[in-house]
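Residue numbers (the numbering used here), protein chains in the order written: chain C, 469 to 761; chain D, 5 to 481. By construction, the Cβ of each residue, glycine as well, lies at the ideal position given by its N, Cα and C atoms.
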Amino acid sequence: MKKFLLYIFKILIVTILVAVLLDGLYTYVFMQSKNRGKIEAVVNSKKEKYDVVILGSSRANNHFVSQMFEEKGLKTFNYGMSGGHLFEASLMLKLMIERKYEIKNVILEADLNLSNDQESEGVAAKFLPYIHCSNAIKEHFLTEENFNELYYIPFYRYIKFDSKIGFREVYKIAENEKTNALDNLGFYPLEKHKNGNMKNNIVNLNPLPHNKYYEEIKHICKKNNINFIAVMTPMCENVVGMNYFDKVKKAYPEIHNYENVVVENKYFSSCGHMTSEGARLFTGRIINDFFKK
Amino acid sequence: MFFNSLAFAIFLPIVFFLYWFVFNKNKSTQNALLIVASYYFYSCWDWRFLFLLVFSTFLDYFTGIQIEKSNSEKSRKFWFWLSILVNLGFLGIFKYYNFFANSFAEMFTAFGFKASPILLNVILPVGISFYTFHGLSYVIDIYYKRIKAEYNFIDYSLFVSYFPLLVAGPIERATHLLPQVKVKREFNYETAKEGIYQIIWGLVKKVVIADTCAVYANAIFDNYPSMNSFSLILGAIYFAFQIYGDFSGYSDIALGVSKLFGLDLLRNFNYPYFSRDIAEFWRRWHISLSSWFRDYLYIPLGGSKGGLWMKIRNTFIIFIVSGFWHGANWTYIVWGFINAVYFLPLLLSNSNRNNIDSVVLKWNLDSIRVLFSILTTFLLTCVAWVFFRAKTITDAVLYLKRIFTTRDFAFQYLDNERYNFELLLMIGVFVLVEWNNRMKVEPISGKKSMLKMALAILAIIAFGTYSDYKEFIYFQF
């Protein structure tokens, strides 16, 4: 039995060694990634200068046409992330500050995402390879339930989120396979879809009275002398529960309500996401209201 | 509690420790601990079905004794049929009732009658097909006086409910397992080490091969109307490896875990995809079920002793029943039927026992013929697997039809953001490893076992699929 227990101990040691080695290897590969996504691009960069940085979910990613800002002479990048919540938007801004970015304006899409202050697992996972290399990321995840496993167990984070940061992603980085996440200065244009869902029900959605990550973003901007612009972006015509936007306005009076700027369904790819044509109308209005020289 | 879960990783060492260090006084304490552990293991799915398991165990235990004690043939028959009918009754109610009710209703509707069947809103108790077959084999063996009835309820319960085999087999025989539980187990280092090898290799099969193949196979099968010929062929191959990795992986873990407790279980898989014909495939795939049907259905029906038609009839019965055992769906029945059709030429030409020995290749023309027959057998099983995997027979037929009608062999991008060919390399490596170790139970043992163990652990950690978690397929049967 003693021999067997010793054998099991050896296997455990081998397992830990393999996990540590793999962790190091994967993290090293992720540190080389620059053209796969917005998070990697920010982590592996430093001292960028921006006139405008756009943050939020897909409703930022698909709605703010970065080129239109650039045409006005404003160096802009759309860091909106599809599926992302304010948890990730806040962390993205923290990372930029940590990387010594100089930012004049932050436009935050703050509407439906105000209803929760949870992480979006799929998006948040993409920060995890860098958890040992960035204090901002470590601190941000510190309050998460599974922080200890993610931080202290070697390779655990790569196993837990293998579909996002696992072997396939590492292989693609090593192969230098590019994604379109960084094209169009981060803006992802949508087309009109024949079968796009043009109905939405947000009756049960309520903005949190003090969304932790929204307040965090506001606070970071204030601390770093960044002009903070929070906006609600448009939804299609057939939305049940449109008073949600009034509730947001009531809870957060500083958020500008642009929900009604574009309403016609022809400008929408799906109910919550405008086509590039709709995005241009909307962005034009934002530039006109906030950046008219 | 799945074998590849964290809960099991905690459960197993605790039971192992208690078994060898606390409850190791005699076989009774060892068995009592394993029974408690097994019932806990089972109750982790649904504690309510524990009553069914205990009832089923008690029924077979009691009827077994009554059969042995009976003085008259009439009484023996009574207890025998009582056990058979109640066991099959449970299986029928939980597993097949809704299927039959729906099928009859559809048949009546086809003839113009209106029928709205009364359906049962019950979930299938996990492992019912397996533990029912344990009990049935035990009672049948007593009835035919092949074994003596077991009078120790704890020992008998352990035979039925032993947790490594409880939910997905292998389907044990009283002649094999009961004698082992009747004696105190002594720890054996080499056996336990073999167990660890099997557990690790089983995990490779499950999380690296089966669960990864599942991601691709599901993307192809679920969207088959938009898939081209190449993707559909790959989909069938991926599913073939998914089900093999899943079920044989489970069996390997079960056998490995059992070895840690000093109990040897029946081997369930013997590299079935290296078979040279369908008969050999069925001697290597789910061996405990195939042999169960052979011994308790095929031979009682007359086996191959009767005339030609008798042989053909019995062959079709055993394959169709075997298909139906897997699930209450016509697709499984057709899957069984197709396998019977594959088997028929071998039966008629009396060549179904031609390939008994292991495959040995040399640098000659005969080896090319052998490789060709292995490939042909694999392709035939893949066609049959399409019926096993598809939701309906129509889906399966359309799936196969599209392979021949689209004639497009380009690489497709699947809706789960993966290319349909990505997995082929991994499968290729897996097949090579298994091929080179086909004379052994698993590939880790032998020379440089620690290095091979490290590579297997590396594969599990780095290449396993975890976020898209899959249950073991055979749990649903």
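Opening and closing residue of the alpha helix (DSSP H) in which residue i lies
i, result
"residue 385(D)", "369 to 393"
"residue 4(D)", "Look at the range of chain D in this structure, 5 to 481, and you will see that residue 4(D) is not part of it."
"residue 399(D)", "397 to 410"
"residue 461(D)", "453 to 467"
"residue 612(C)", "It is not in any alpha helix (DSSP H) - residue 612(C) carries neither H nor E in the DSSP assignment."
"residue 47(D)", "31 to 50"
"residue 462(C)", "One cannot answer for residue 462(C) here, as it falls past the ends of chain C, which runs 469 to 761."
"residue 647(C)", "Where residue 647(C) is concerned, there is no enclosing alpha helix (DSSP H), given that its DSSP letter is neither H nor E."
Proximity of residue i and residue j at Cβ, strictly below 9 Å
i, j, result
"residue 560(C)", "residue 547(C)", "yes"
"residue 549(C)", "residue 658(C)", "no"
"residue 554(C)", "residue 682(C)", "yes"
"residue 439(D)", "residue 244(D)", "no"
"residue 204(D)", "residue 464(D)", "yes"
"residue 54(D)", "residue 94(D)", "no"
"residue 650(C)", "residue 574(C)", "no"
"residue 538(D)", "residue 486(C)", "Chain D is shown from 5 up to 481; residue 538(D) falls before or after that span and cannot be answered."
"residue 579(C)", "residue 679(C)", "no"
"residue 2(D)", "residue 208(D)", "The structure shown does not extend to residue 2(D), since chain D is modelled only from 5 through 481, so no value can be given for it."
"residue 592(C)", "residue 609(C)", "yes"
"residue 98(D)", "residue 128(D)", "yes"
"residue 175(D)", "residue 210(D)", "no"
"residue 384(D)", "residue 283(D)", "no"
Burial state of residue i, where buried means 16 or more other Cβ atoms lie within 10 Å
i, result
"residue 287(D)", "buried"
"residue 113(D)", "exposed"
"residue 246(D)", "buried"
"residue 639(C)", "exposed"
"residue 34(D)", "buried"
"residue 732(C)", "exposed"
"residue 419(D)", "exposed"
"residue 447(D)", "buried"
"residue 597(C)", "buried"
"residue 416(D)", "buried"
"residue 581(C)", "buried"
"residue 381(D)", "buried"
"residue 179(D)", "exposed"
"residue 429(D)", "exposed"
Secondary structure of residue i, DSSP reduced to three states
i, result
"residue 151(D)", "coil"
"residue 652(C)", "helix"
"residue 295(D)", "helix"
"residue 203(D)", "helix"
"residue 120(D)", "coil"
"residue 698(C)", "strand"
"residue 417(D)", "strand"
"residue 536(C)", "helix"
"residue 736(C)", "strand"
"residue 478(C)", "helix"
"residue 668(C)", "strand"
"residue 571(C)", "strand"
"residue 269(D)", "coil"
"residue 725(C)", "strand"
"residue 741(C)", "strand"
"residue 577(C)", "strand"
"residue 437(D)", "helix"
"residue 319(D)", "helix"
"residue 195(D)", "helix"
"residue 731(C)", "coil"
"residue 423(D)", "strand"
Where the beta strand (DSSP E) containing residue i begins and where it ends
i, result
"residue 549(C)", "Counting along the chain, residue 549(C) falls outside any beta strand (DSSP E), and DSSP gives it neither H nor E."
"residue 522(C)", "517 to 523"
Inter-stretch contact (C-beta, 8 Å, three-pair minimum) for the stretch 697 to 710 of chain C and the stretch 498 to 512 of chain C: no
Segment contact flag, the stretch 6 to 18 of chain D with the stretch 563 to 580 of chain C, C-beta cutoff 8 Å, min 3 pairs: no
The stretch 618 to 630 of chain C touching the stretch 487 to 495 of chain C, judged by at least three CB pairs closer than 8 Å: Yes: at least three Cβ pairs fall under 8 Å.
At least 3 beta-carbon pairs within less than 8 Å: the stretch 683 to 696 of chain C vs the stretch 660 to 671 of chain C: no
Touch test, the stretch 141 to 161 of chain D against the stretch 61 to 70 of chain D, Cβ-Cβ under 8 Å, three pairs minimum: yes
Segment contact flag, the stretch 160 to 180 of chain D with the stretch 218 to 233 of chain D, C-beta cutoff 8 Å, min 3 pairs: no
The stretch 208 to 226 of chain D contacting the stretch 184 to 192 of chain D, beta-carbon criterion three pairs below 8 Å: Contact fails: fewer than three Cβ-Cβ distances are below 8 Å.
Three-pair Cβ contact test at 8 Å for the stretch 195 to 211 of chain D versus the stretch 445 to 460 of chain D: yes
At least three beta-carbon pairs within less than 8 Å, the stretch 506 to 520 of chain C to the stretch 567 to 582 of chain C: yes
Inter-stretch contact at 8 Å, needing at least 3 Cβ pairs: the stretch 288 to 298 of chain D / the stretch 316 to 326 of chain D: Yes, since at least three Cβ pairs between the stretch 288 to 298 of chain D and the stretch 316 to 326 of chain D fall closer than 8 Å, the two stretches touch.
Three or more C-beta pairs below 8 Å linking the stretch 298 to 318 of chain D and the stretch 247 to 255 of chain D: no
Cβ contact check for the stretch 257 to 273 of chain D and the stretch 330 to 339 of chain D: 3 or more pairs under 8 Å: no
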